[in-house]
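Only one structure is covered here, and it is reproduced in the block below.
Residue numbers (our numbering): 315 to 682.
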């Protein structure tokens with residue numbers, strides 16, 4: 315019948331699942347519901363600080379292995395993001411494999427919700443790329459552990475609002491650190507991806523007096539911004555954007571891996587600060603940025619506004635309270651830049667140390 319047994323699994327697959335070089339994930343759940351076509355991966359990296367919170371990504375991956383790896387990387391990033399955001403929550407992430415425009419259905423979302431519920435609160439989900447507030451409303455019918463719901467269903471609504479606001483605060487901190495003034499007025503900012511988060515970020519930048527250049531693979535996303543803001547300039551693709559003359563800040567706001575061996579040498583910007591998760595294609599990229607004198611604001615620090623927003627649903631949502639917490643991303647980003655300079659390390663390494671210290675202290679307190 316061709317059934318794969320445990321003895322037929324390769325060391326490579328097991329190594330990927332356990333991620334021993336990064337300390338390992340606590341739990342990885344493979345989910346399948348053939349009736350609805352659901353194929354999903356739920357990865358829980360750490361519950362040291364509390365239940366693992368992270369969104370659900372719905373994406374047409376090139377392979378199942380790529381989906382597993384993405385879930386693992388994203389889950390680990392959420393542990394660090396939640397720790398640095400000051401939340402008493404661990405890190406997790408889920409991916410649903412497939413094209414959401416083709417596969418997404420009420421039946422599939424309910425099946426996914428049942429898998430989330432089966433984890434008994436160890437994993438709390440929310441929106442991510444390919445999933446929206448309306449989707450979380452459906453998922454929440456099958457599990458109590460879904461956030462990012464609509465206000466009508468007791469939720470916080472679109473978490474992209476505060477994600478964009480937090481990235482904007484990270485940009486202000488970057489400007490303060492590099493140029494001595496926490497404003498984007500007169501700066502040219504390139505935004506790659508003006509979908510769920512990016513179009514809100516454009517609003518903040520224009521209000522602050524920045525000149526904005528955008529690109530997106532979806533024509534409708536570009537049109538929405540250009541119709542609202544005719545002063546914004548659009549370029550053909552990300553390659554053109556990163557090479558834009560006079561660019562001060564580059565904001566990757568789409569999928570991960572935007573900073574790699576091809577893009578970093580071509581960057582004209584002095585600062586990278588964006589909403590996309592896992593922007594560094596590999597660990598050596600941040601050194602390449604530093605060698606070129608480019609300041610990198612760690613993605614999981616500056617894009618934490620959304621997780622702050624959805625986490626607040628667990629306590630009874632209050633937007634003003636959330637926005638106040640998200641404003642502190644400015645201070646956290648500055649603290650990381652200061653620590654990086656003092657320790658002679660890149661900003662992401664400094665952020666990692668701060669997050670790891672908080673998680674280690676929580677684990678120690680739990681076992682004391």
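We put the beta carbon where it would ideally sit given N, CA and C, even for glycine.
Everything numeric in this text was worked out from a predicted model, so none of it was measured.
Range of the contiguous alpha helix (DSSP H) that encloses residue 644: Where residue 644 is concerned, the enclosing alpha helix (DSSP H) stretches over 643-657.
Status (buried if at least 16 other CB within 10 Å, exposed otherwise) for residue 472: By the neighbour-count criterion, in which a residue is buried when 16 or more other Cβ atoms sit within 10 angstroms of its Cβ, residue 472 is buried.
Three-state secondary structure assigned by DSSP to residue 371: Here residue 371 sits in strand by DSSP.
Selection from 384, 433 and 434 that minimises the alpha carbon distance to residue 569: Measuring from the Cα of residue 569, the nearest candidate turns out to be 384.
Straight-line gap, residue 536 to residue 453 (C-alpha atoms, nearest Å): One C-alpha to the other measures close to 30 Å.
Residues sharing a beta bridge with residue 527, DSSP: Beta bridge pairing from DSSP links residue 527 with 504 and 547.
Buried versus exposed call for residue 579 [16 or more other C-beta atoms within 10 Å across all chains shown]: Burial call: exposed.
N- and C-terminal bounds of the alpha helix (DSSP H) containing residue 518: Residue 518 -> alpha helix (DSSP H) spans 512-521.
Straight-line Cα distance separating residue 652 from residue 565: When rounded, the distance between both Cα atoms is 21 Å.
Burial state of residue 531, where buried means 16 or more other Cβ atoms lie within 10 Å: The C-beta of residue 531 has fewer than 16 other C-beta atoms within 10 Å across all chains shown, which makes the residue exposed.
Own chain partners of residue 317 with C-beta closer than 6 Å, once the 5 adjacent residues on each side are dropped: Note that residue 317 scores 37 on pLDDT, short of 50, meaning its location in the model is unreliable; the coordinates nonetheless yield the value given after this. Excluding sequence neighbours, residue 317 sits near nothing in its chain.
Sequence-distant residues of the same chain with beta carbon closer than 6 Å to residue 425, five excluded per side: Around residue 425: 347, 350 and 352.
Cut-off 7 Å between Cβ atoms - residues of its own chain near residue 641, not counting five sequence neighbours on either side: Answer for residue 641: 483, listed in chain order.
Inter-stretch contact at 8 Å, needing at least 3 Cβ pairs: the stretch 551-559 / the stretch 572-587: They touch, by the three-pair rule.
For residue 353, the first and last residue of its enclosing beta strand (DSSP E): 352-360 is the span of the beta strand (DSSP E), which, as asked, contains residue 353.
DSSP three-state assignment for residue 575, whether helix, strand or coil: Secondary structure at residue 575: coil, using DSSP grouped into helix, strand and coil.
Integer Cβ distance of residue 389 from residue 354, believed to fall under 8 Å: Distance from residue 389 to residue 354 at the Cβ level is roughly 13 Å; contact not present, criterion being Cβ atoms closer than 8 Å.
Residue 661 (DSSP reduced to helix, strand or coil): Assigned with DSSP and collapsed to three states, residue 661 falls in helix.
Simplified DSSP state of residue 439, which is helix, strand or coil: Residue state, collapsed to three classes: strand.
Element boundaries [alpha helix (DSSP H), containing residue 479]: Note, residue 479: alpha helix (DSSP H), 474-493.
Paired residues, beta bridge with residue 614 - DSSP: DSSP output for residue 614 lists no bridge partner at all.
Nearest-angstrom Cα separation, counted from residue 509 out to residue 456: Linking residue 456 to residue 509 through their CA atoms gives a straight-line distance of about 28 Å.
Same chain, Cβ closer than 6 Å to residue 421, neighbours up to 5 away in sequence not counted: Taking C-beta separations shorter than 6 Å and ignoring five residues to either side along the sequence, the partners of residue 421 in its chain run 350, following chain order.
Residues of its chain near residue 543, where Cβ-Cβ distance is below 7 Å and the 5 sequence neighbours each way are ignored: Result list for residue 543: 516 and 520, in chain order.
Contact with chain B by residue 458, beta-carbon distance below 7 Å: The structure shown has no chain B; it contains just one protein chain.
The stretch 392-411 contacting the stretch 609-621, beta-carbon criterion three pairs below 8 Å: With a cut-off of 8 Å, the stretch 609-621 and the stretch 392-411 count as touching, because enough Cβ pairs lie within range.
Which of helix, strand or coil DSSP assigns to residue 597: Of the three classes helix, strand and coil, the one that applies to residue 597 here is coil, per DSSP.
contact_flag[the stretch 460-471, the stretch 438-451] where n(CB pairs < 8 Å) is 3 or more: A contact is defined here as three or more CB-CB pairs under 8 Å, and the stretch 460-471 meets this definition with respect to the stretch 438-451.
7 Å Cβ cutoff met for residue 560 and residue 502: Going by C-beta atoms, residue 560 is nearer than 7 Å to residue 502.
Endpoints, the beta strand (DSSP E) within which residue 406 is located: From DSSP, the beta strand (DSSP E) with residue 406 extends over 404-411.
Local Cβ density within 10 Å of residue 606, reported as buried at 16 or more and exposed below that: It is exposed - the Cβ of residue 606 has fewer than 16 other Cβ atoms within 10 Å.
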